[in-house]
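As structure tokens, the structure follows; a few thoughts come after it.
Protein chains: 2
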Amino acid sequence: MTRRRARTDAKGQASERSYRRRLTNPFEPLRVLSDDEVAYIHTSAVRYLADEGIRVLFDEARDIYSGAGASVDDDLIVRLDPDTVLAAIDTAPSLLELHAPNPERNVVVGGNHVALVPVGGPPFISDLVGGRRAGTLADQQDFLRLTQTYDVLAATAPSVEPGDVPLAVRHLESGLSTLMLTDKLPFVYARGRQRVRDNIDLIKIRHGIVDDAEFASVSRCWANINTNTPRQLDVPMSMAIIDFARMGQVCIMTPFTLAGAMAPVTLAGALVLQHIEVLAAITLAQLVRPGAPVMYGAFTSNVDMRSGSPAFGTPEAMKGALASGQLARHVGVPWRSSGSSTSNTVDAQAGYETMANTYAALLGGASWILHAAGWQEGGLTASLEKFVVDVEMCQIIADLLQPIVVDDVELALDAITEVGPGGHFFGATHTLERYETAFYEPLVFERTNYEQWAEHGMRRTDERAAATWQSALDSYVPPPIDDTVAEAMRAFVDRRTAEGGAPPD
Amino acid sequence: MTRRRARTDAKGQASERSYRRRLTNPFEPLRVLSDDEVAYIHTSAVRYLADEGIRVLFDEARDIYSGAGASVDDDLIVRLDPDTVLAAIDTAPSLLELHAPNPERNVVVGGNHVALVPVGGPPFISDLVGGRRAGTLADQQDFLRLTQTYDVLAATAPSVEPGDVPLAVRHLESGLSTLMLTDKLPFVYARGRQRVRDNIDLIKIRHGIVDDAEFASVSRCWANINTNTPRQLDVPMSMAIIDFARMGQVCIMTPFTLAGAMAPVTLAGALVLQHIEVLAAITLAQLVRPGAPVMYGAFTSNVDMRSGSPAFGTPEAMKGALASGQLARHVGVPWRSSGSSTSNTVDAQAGYETMANTYAALLGGASWILHAAGWQEGGLTASLEKFVVDVEMCQIIADLLQPIVVDDVELALDAITEVGPGGHFFGATHTLERYETAFYEPLVFERTNYEQWAEHGMRRTDERAAATWQSALDSYVPPPIDDTVAEAMRAFVDRRTAEGGAPPD
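Residue numbers (the working numbering), protein chains in the order written: chain Y, 450 to 954; chain F, 450 to 954.
Shown next as structure tokens:
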């Protein structure tokens, strides 16, 4: 599989770079807060949940909270006892192993492991061939094919919203496409009980599992929920927290704390609000099932105070990410962060913002970096060119995480002596033995000089990337899948579609 | 001065962001090597200098080395006793204060201070108005005006080579332009004894200093030398090391260790070679004048093994930078690193590569980040658009380095309660009191949504940047300078020009 893909890849990506499949981060996480500041934000959030609480719109969720001793008032505000929150934190696991259809693509989350995961959520797609337009299932499938193609991407993500598929069956078609076109960890839309159930059933078929309890013994998919910042959990979101916890599947709790809009204009205020909401969500999951797998989602950024628009890839977002990593480690759960950018196209701004924010996530010690490939326009568009360029960034990150080997062979003092003062190493034995694999080989970044570049038409990175994704799609190889499994999944989707799918709750 | 520039700036850069003028880095430096590995590379280099040595082409330099007990053979190879090298390291200062013509622009180098310094060296200039062409003095003057304009740039740099000025007087015109158009720390070309002397004399006039000893009491300019990697110091370079040390001016010792070309193909090999050459250069400076101000220059990158071209902005360069920082700290001198990119234009690749490499420098703990604005084409071109976009990056870095304030006012729990569940903070008092200065305000990055962006002509970052530098040049305000000083500097240049300048040695 790997060998075949390696051979057919547009740029001959080296199959020997197998470390791309499971990245670990050797760097000590960057700290932007002191330990005291982290503790102060944490205790302030815990106290706030006791004093002022959070509004919970789903009655079942309120019942679970109150069953654990929380008070609920007429405004649906749930106030949580600090002991309840602290106990929940204690049972939330710090390290997860998520099982993909292909066991070689299992994902470890937490510790010093890093998962780079592509874009999820935008309604629009953009590429230089078809322009900017509303996303379709066919577009989502293209993103899935690319996700399968590049080893450095650890899991699938929703990429673009398949807006051409009716809502009642969208989760079915999307789930089936994910499981047919990739063998990586599938995502599940957290959009209501029946839809989640349908997707879980599909994944069970893919794994050949019949029993719910067996399925629930390990995470085989992932979902993300966004709280209704500030201080509110709506029905589908709290439902998803409950359902994913019951089924032992990992749920990422992500407040949408946009400083100056849904969160205070100060970074500390946005962070404490984020922490309040994450703690409430984690507590719900742990009350449902102690030990339920969760991640601390962080998406703190800011609005642009000129336009009121959300801004991503900002210095505030970078500092917010570093602080969020510290808060997540204080709680002891894996931290989900993001790459992000506000740019409307694949230009220099996109590069600077995406790289800076992805590095903030990486060097802040993130376990799960969502939107690491393809995110554009502050999340409104999934771009195919951006996807490829971001894969380049992810591959560069993978190489950055590999150690420098320091031993006498690598120090090469004999070669230095052999070459002599003022010489060069092009012909040295030490060079000839290693040059083919010594350095990172770019996917789309250009290393030619100006004259060669001009001769080849002065193509910008996005133009080269357009050729790369087309070529990657042309040479895409689907993962092996048993015919009977494929047929059973298709039959399940057909049956559920005939039954009307799962209309909005 | 600051107020006036703030008012006239194209984008109204906030004059209150005065922290941009003196950046300190709160982050613990990233480490890519263990302490043992650092020590092993260091001791290997020290031993290598004793066993195999380095070739020194300048007789005066060889005499200085041999005067300190070094052996010199017929091939001009100087072998250094380990004690000599270790003693030199001991006398090299770890913290420097460099005096600019404007005392408010003095630069502290070392410790947790960071100086962001623009591009130096390219023969070509590129911009969207005039295209790509050979650089002239007028072009260099434009870069100097932009360097003066943006507070975040700590010192001047040679920017583009003024190829239209004859070599014998180029240093004079360039030096005069630097001292007339900026009040920041001037650079000096390290291109021969008389030229350095001329530039020092000009700087003495600018500071109103007559006495050489008084001038030499503190660094008032900076220079960079590149060794002739591998293992060679040529005449002008070793001459510059000697002259700058004698005059107490800071000299950056930068080997050009391009792995696979002038250095071993392995990163450890390139690093040990770099360390060998830096140690030899620092030793020469310290033998001339114990305590002479120096920096550990690092420029380790790799060639592209497909084309043989130098590649910059690579993962190898990033790891090399982090390791170089560790080696420089081991030696105990400030570390100079770089932003860099191979891209031939201001596109996404330029953004990703520049940001990634500048962050490697920053987070590796660099004291002096050269080429932090305007570097393009692996250093062959200085781009005006890239300069502006990189200034944006530098300003974002400046904001990233500011602490998150954590106190009860910033936590804003009262505002969170006031707004209530599901509300928004746009109208909250807490927001209204702070929103004008709460967030970083971009210079050229766009925060508008797609529709607004499309309405404004879908301008890419480089196109917006072209408008920004033109506007910045239009509103440039020269620094105040005493008429008699200006006349004296002009008279000095006229006299030295009439004398024939300083032809190549």
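All C-beta atoms in this analysis are idealised placements derived from N, C-alpha and C, irrespective of residue type, glycine included. Keep in mind that this is a model prediction, so the values were computed, not measured.
So H664/F is in the alpha helix (DSSP H); what residue range does that whole segment cover?
The residue you call residue 664/F lines up with position 215 of the second sequence. First, the amino acid is wrong: residue 664/F is Phe here, not His. Unbroken alpha helix (DSSP H) run through F664/F: D661 to F664.
Assign Q462/Y to buried or exposed, taking buried as 16 or more other Cβ atoms, counted over all protein chains shown, within 10 Å of its Cβ.
Translated into the one-based positions of the first sequence, residue 462/Y becomes position 13. Per-residue confidence for Q462/Y stands at a pLDDT of 44, beneath the threshold of 50, marking its modelled position as unreliable; no derived number is given.
Taking only three categories from DSSP, how would you classify I526/Y?
In the first sequence, the residue the question calls residue 526/Y occupies position 77. The answer is strand: DSSP assigns I526/Y an E or B state.
List, in chain order, every chain Y residue whose beta-carbon is nearer than 9 Å to that of P928/F.
As a working mapping, residue 928/F is identified with position 479 in the second sequence. Within 9 Å Cβ-Cβ: nothing; P928/F doesn't reach chain Y, min ~28 Å.
For I701/Y and M767/Y, which I take to be in contact (beta-carbon distance under 8 Å), what is that distance rounded to the nearest angstrom?
If you number the first sequence from 1, residue 701/Y lands on position 252. If you number the first sequence from 1, residue 767/Y lands on position 318. Their Cβ separation, rounded to whole angstroms, is 20 Å, which puts I701/Y and M767/Y out of contact at 8 Å.
Under 8 Å between beta-carbons, which chain F residues line up against V721/Y? List them in chain order, please.
The count along the first sequence starts at 1 and reaches residue 721/Y at position 272. Residues of chain F passing the Cβ test: L860, A861, L862 and I865.
Is it the case that the Cβ atoms of A815/F and A770/F are separated by a distance below 9 Å?
Looking up residue 815/F in the second sequence gives position 366. Looking up residue 770/F in the second sequence gives position 321. Yes; because the gap between Cβ atoms is below 9 Å, this pair is in contact.
Residues of chain F with a CB under 7 Å from the CB of L449/Y: which are they?
Because chain Y spans 450 through 954 in this model, residue 449/Y falls outside it and cannot be assessed.
Between G746/Y and the rest of its own chain, which residues show a CB-CB distance below 6 Å, the 5 nearest in sequence each way excluded?
Position 297 of the first sequence, counting from 1, holds the residue named residue 746/Y. For G746/Y, where only same-chain residues beyond five positions count, the Cβ hits under 6 Å are I701, M702, T703 and R785.
If I'm right that L722/F touches P679/F with Cβ under 8 Å, what's the distance once you round it to whole angstroms?
Within the second sequence, residue 722/F is the residue found at index 273, counting from 1. Within the second sequence, residue 679/F is the residue found at index 230, counting from 1. Contact holds; Cβ gap of about 6 Å.
Using only the alpha-carbon positions, how far apart do R695/Y and G757/Y sit?
To locate residue 695/Y, count along the first sequence from 1; it is residue 246. To locate residue 757/Y, count along the first sequence from 1; it is residue 308. Each residue's Cα considered, the two are about 39 Å apart.
Check distances from the C-beta atoms of the segment 769 to 783 of chain Y to those of chain F and list, in chain order, the residues that come in under 9 Å.
Under the 9 Å Cβ criterion, the segment 769 to 783 of chain Y contributes G769, L771 and A772.
Which residues of the segment 604 to 618 of chain F have a Cβ closer than 7 Å to any Cβ of chain Y? Give them in chain order.
Against chain Y - using a Cβ distance shorter than 7 Å - the segment 604 to 618 of chain F contributes no residues.
Can you round the beta-carbon distance between A717/Y and E859/F to whole angstroms, since I take them to be within the 8 Å contact cut?
Taking the first sequence and counting its residues from 1, the one referred to as residue 717/Y is at position 268. Taking the second sequence and counting its residues from 1, the one referred to as residue 859/F is at position 410. About 4 Å; that satisfies the 8 Å criterion.
Across which residues does DSSP place N832/F in a beta bridge pair?
One-based indexing of the second sequence puts residue 832/F at position 383. Just to set this straight, residue 832/F is Ser in the shown sequence, not Asn. S575/F, per the DSSP bridge assignment.
Tell me the rounded alpha-carbon separation between Y842/F and Q919/F.
Position 393 of the second sequence holds residue 842/F. Position 470 of the second sequence holds residue 919/F. A small correction: the amino acid at residue 842/F is Met; Tyr does not occupy that position in the sequence shown. Approximately 19 Å between the Cα atoms of the pair.
If you count every other CB in all the chains shown that lies within 10 Å of the CB of V727/Y, and 16 or more means buried, which is it?
In the first sequence, the residue the question calls residue 727/Y occupies position 278. Buried, by the Cβ-count rule.
Grouping DSSP H, G and I as helix and E and B as strand, with all else coil, what is Q643/Y?
Locating residue 643/Y in the first sequence gives position 194, counting from the first residue. Here Q643/Y sits in helix by DSSP.
Can you tell me which of the three DSSP states R480/F falls into?
Numbered from its first residue, the second sequence carries residue 480/F at position 31. Reduced to three states, the DSSP call for R480/F is coil.
Using the Cα positions of R755/Y and L850/F, report the straight-line distance between them to the nearest angstrom.
Indexing the first sequence from 1 puts residue 755/Y at position 306. Indexing the second sequence from 1 puts residue 850/F at position 401. Each residue's alpha carbon lies about 23 Å from the other.
What number of angstroms, rounded off, separates the C-alpha of A510/F from the C-alpha of G518/F?
The residue labelled residue 510/F in the question sits at position 61 within the second sequence. The residue labelled residue 518/F in the question sits at position 69 within the second sequence. C-alpha separation (whole angstroms): 13 Å.
Residues bridged to S608/F by DSSP?
Numbered from 1 along the second sequence, position 159 holds the residue referred to as residue 608/F. For S608/F, which the question treats as bridged, DSSP gives the partners G569/F.
How long is the line joining the alpha carbons of D539/Y and P783/Y, rounded to whole angstroms?
Taking the first residue of the first sequence as 1, we reach residue 539/Y at position 90. Taking the first residue of the first sequence as 1, we reach residue 783/Y at position 334. Each residue's Cα considered, the two are about 13 Å apart.
Leaving aside the five residues before and after A937/F along the sequence, list all residues of the same chain whose C-beta is less than 8 Å from its C-beta, in chain order.
Here residue 937/F refers to the residue found at position 488 when the second sequence is read from its first residue. Closer than 8 Å at Cβ, skipping near neighbours: I654.
Start and end of the alpha helix (DSSP H) containing V699/F?
As a working note, residue 699/F is residue 250 in the second sequence. Careful: V699/F lies outside any alpha helix (DSSP H), inside the beta strand (DSSP E) at V699 to T703.
Would you call the CB atoms of A603/F and L472/F closer than 9 Å?
Your numbering for residue 603/F matches position 154 in the second sequence. Your numbering for residue 472/F matches position 23 in the second sequence. Against a cut-off of 9 Å, the Cβ pair of L472/F and A603/F comes out as a contact.
What is the DSSP secondary structure of H562/Y, counted as helix, strand or coil?
Numbered from 1 along the first sequence, position 113 holds the residue referred to as residue 562/Y. Correct three-state label for H562/Y: strand.
Output needed for D692/Y: all residues of its chain with C-beta closer than 7 Å, excluding positions within five of it in sequence on either side, in chain order.
As a first step, residue 692/Y must be located in the first sequence, where it is residue number 243. If we look at D692/Y and ignore the five residues flanking it on each side, its Cβ neighbours are R642 and V645.
Go ahead and label G1009/Y buried or exposed: buried means 16 or more other beta carbons lie within 10 angstroms of its beta carbon, across all protein chains shown.
Nothing can be reported for residue 1009/Y: it is not among the residues displayed for chain Y, which extend from 450 to 954.
If you draw a straight line from the C-alpha of A459/F to the C-alpha of P891/F, how long is it?
On the second sequence, position 10 is the one that residue 459/F refers to. On the second sequence, position 442 is the one that residue 891/F refers to. In this prediction, A459/F has a pLDDT of 38, which is less than 50 and means its spatial position is unreliable; what the coordinates show is noted afterwards. Roughly 11 Å separates the two Cα atoms.
Considering only residues of the same chain and omitting the five flanking positions on each side of L479/F, which have a CB-CB separation below 6 Å?
Taking the first residue of the second sequence as 1, we reach residue 479/F at position 30. Closer than 6 Å at the Cβ level, and outside the excluded window around L479/F, lie L771, L812 and G813.
By DSSP, does Q851/Y sit in helix, in strand, or in coil?
On the first sequence, residue 851/Y is found 402 positions in, with the first residue counted as 1. Coil, per DSSP.
If the cut-off is 8 Å on Cβ atoms, which residues from the segment 667 to 682 of chain Y count as contacting chain F, listed in chain order?
The segment 667 to 682 of chain Y vs chain F, Cβ under 8 Å: N677, P679, R680 and Q681.
Expressed to the nearest angstrom, what Euclidean distance is found between the alpha-carbon atoms of G570/F and A587/F?
Taking the first residue of the second sequence as position 1, residue 570/F is located at position 121. Taking the first residue of the second sequence as position 1, residue 587/F is located at position 138. Going by the C-alpha atoms only, they are around 15 Å apart.
Taking a contact to mean a Cβ-Cβ separation below 9 Å, would you say Y599/Y touches A822/Y in this structure?
The residue given as residue 599/Y occupies position 150 in the first sequence. The residue given as residue 822/Y occupies position 373 in the first sequence. The answer is yes: Cβ separation under 9 Å.
Using the rule of at least 16 other Cβ atoms within 10 Å of the residue's Cβ for burial, across every protein chain shown, is R945/F buried or exposed?
The sequence position of residue 945/F within the second sequence is 496, counting from 1. Counting Cβ neighbours within 10 Å, R945/F comes out buried, since at least 16 surround it.
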